[in-house]
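Novice: For the sequence shown, the positions run 11 to 277 when my numbering is used.
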Amino acid sequence: MPLRYCACVSEPPSLSAEAWDAVRASESRAGVTIHTVDDHRGIADARRIFDEVWPPLAGGTQLPPNLFVALLHAGGYACVAYASGAPVGATMGFLGEGNHIHSHMAGVVESHRNQYIGTAMKLHQRAWCLDRGIDTVIWTFDPLVKRNACLNITKLGVDVEGYEPDYYGEMPDAINAGDPSDRVFAVWRLGSDTARRALREPIPSSDPTPDDRIIMIPDDIVTMRHHDPVEAQRWRMEVRTRMMTAIDEGFVVSGLTDEGDYVMGAS
Numbered sequence: 011m012p013l014r015y016c017a018c019v020s021e022p023p024s025l026s027a028e029a030w031d032a033v034r035a036s037e038s039r040a041g042v043t044i045h046t047v048d049d050h051r052g053i054a055d056a057r058r059i060f061d062e063v064w065p066p067l068a069g070g071t072q073l074p075p076n077l078f079v080a081l082l083h084a085g086g087y088a089c090v091a092y093a094s095g096a097p098v099g100a101t102m103g104f105l106g107e108g109n110h111i112h113s114h115m116a117g118v119v120e121s122h123r124n125q126y127i128g129t130a131m132k133l134h135q136r137a138w139c140l141d142r143g144i145d146t147v148i149w150t151f152d153p154l155v156k157r158n159a160c161l162n163i164t165k166l167g168v169d170v171e172g173y174e175p176d177y178y179g180e181m182p183d184a185i186n187a188g189d190p191s192d193r194v195f196a197v198w199r200l201g202s203d204t205a206r207r208a209l210r211e212p213i214p215s216s217d218p219t220p221d222d223r224i225i226m227i228p229d230d231i232v233t234m235r236h237h238d239p240v241e242a243q244r245w246r247m248e249v250r251t252r253m254m255t256a257i258d259e260g261f262v263v264s265g266l267t268d269e270g271d272y273v274m275g276a277s
């Protein structure tokens, strides 16, 4: 039974073909096969991944199946990455204003992290969007999580925009509970020169000028939250203050240093 009903508008064949070539290469590198979710089995696999990556503290589920079906029916996107037939990663997004996909959830189970699966799923999402004439994907990420900043800026070529303190309010899952849900926005302009360059090679680190501002972030905030929550909170407030002040004064994130800290330059 088909779960979606939407018209498809194709991008120019060269751009779409380039995108799918990148997907196949990334699947091979990560050792996975990625499938678009279009049936109830795929929904069940994706939900299992989301609930494993973000365990709800009070039980239940991150995404009820009926809501998942509705998101797909309305033109949303979801995929599952399989390794040797077992689901190991999933991504979900919904159609947003201005013909973009808001990519709300993307996770990989702990046993398969740091194996390029997250990158492969994002490239699948890019190709899927380009096939449908969608040229922008937007998502939020925690500015303190260095591995996500590196993935988004270096491997995908996104623009980082804004800073929203406690954007989601209290988040009732084992990863985020007890920490303000500060977020920045990753704006992925799929046909941009930067995004296409990132398909071929990582975006190089920035060489800061004396006028730039360096916003340092911890190497592993997730571990720090568990072992030293007071220090994690200090980092949260310091980065919040420095990034919001820089934005108010006309600075934007222009890249990362070799150490993975933010470089902010005058816009």
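Every residue gets a Cβ at the ideal spot worked out from N, C-alpha and C, and that includes glycine.
#1: Start and end of the beta strand (DSSP E) containing ARG199?
#2: Give me the residue from GLY270, ARG39 and PRO212 with the minimum Cα distance to ILE224.
#3: Specify, as a first and last residue, the run of the alpha helix (DSSP H) that MET226 falls within.
#4: On the criterion of 16 or more Cβ atoms from any shown chain inside 10 Å, does GLY321 qualify as buried, or is it exposed?
#5: The alpha helix (DSSP H) spanning PRO239 covers which residue range?
#6: List the whole-angstrom C-beta distance separating LEU154 from ARG246, where the pair is believed to meet the contact cut-off of C-beta under 8 Å.
#7: To the nearest angstrom, how far is the alpha carbon of ALA205 from that of ARG250?
#8: Give a yes or no on whether the C-beta atoms belonging to CYS139 and ILE111 are separated by under 8 Å.
#9: Output needed for HIS45: all residues of its chain with C-beta closer than 6 Å, excluding positions within five of it in sequence on either side, in chain order.
#10: How is the alpha helix (DSSP H) around ILE127 delimited, first residue to last?
#11: Use the C-beta contact count for PRO228: other C-beta atoms within 10 angstroms, 16 or more gives buried, fewer gives exposed.
#12: Can you grab the Cα-Cα spacing for the pair VAL262 / HIS83, in whole Å?
#13: Let me check one thing: in DSSP terms, what residues is SER113 bridge-paired to?
#14: So GLY52 is in the alpha helix (DSSP H); what residue range does that whole segment cover?
#15: Where ARG142 and ALA100 are concerned, what is the direct C-alpha to C-alpha distance, given to the nearest angstrom?
#16: Does the distance from the C-beta atom of SER113 to that of VAL147 stay below 8 Å?
#17: Under the DSSP definition of a beta bridge, which residues are partnered with TRP149?
#18: With the cut-off set at 8 Å, would you say ASP222 and VAL168 are in Cβ contact?
#19: When the distance is taken between beta carbons, is ALA88 closer than 8 Å to VAL47?
#20: Quick one: what's got a C-beta closer than 6 Å to MET11's C-beta in the same chain, skipping five residues either side?
#21: In three-state DSSP terms, what is ILE44?
Specialist: On the basis of the data shown:
#1: 193-199
#2: Looking at the Cα atoms, GLY270 is the closest of the given residues.
#3: Where MET226 is concerned, there is no enclosing alpha helix (DSSP H), given that its DSSP letter is neither H nor E.
#4: For the chain, the structure presents residues 11 to 277; residue 321 sits outside this window and is missing.
#5: 239-258
#6: 7 Å
#7: 27 Å
#8: Taking 8 Å as the Cβ cut-off, CYS139 and ILE111 qualify as a contacting pair.
#9: VAL90.
#10: 127-141
#11: buried
#12: Rounded to whole angstroms, VAL262 to HIS83 spans 37 Å at the Cα level.
#13: GLY103
#14: For GLY52, the enclosing alpha helix (DSSP H) stretches over residues 50-63.
#15: Whole-angstrom Cα-Cα distance: 20 Å.
#16: Taking a C-beta distance under 8 Å as the contact criterion, SER113 and VAL147 qualify as a contact pair.
#17: ALA196
#18: no
#19: VAL47 is a Cβ neighbour of ALA88, given a cutoff of 8 Å.
#20: Only weak support exists for where MET11 lies, its pLDDT of 40 falling under 50; the coordinates are left without a value.
#21: strand
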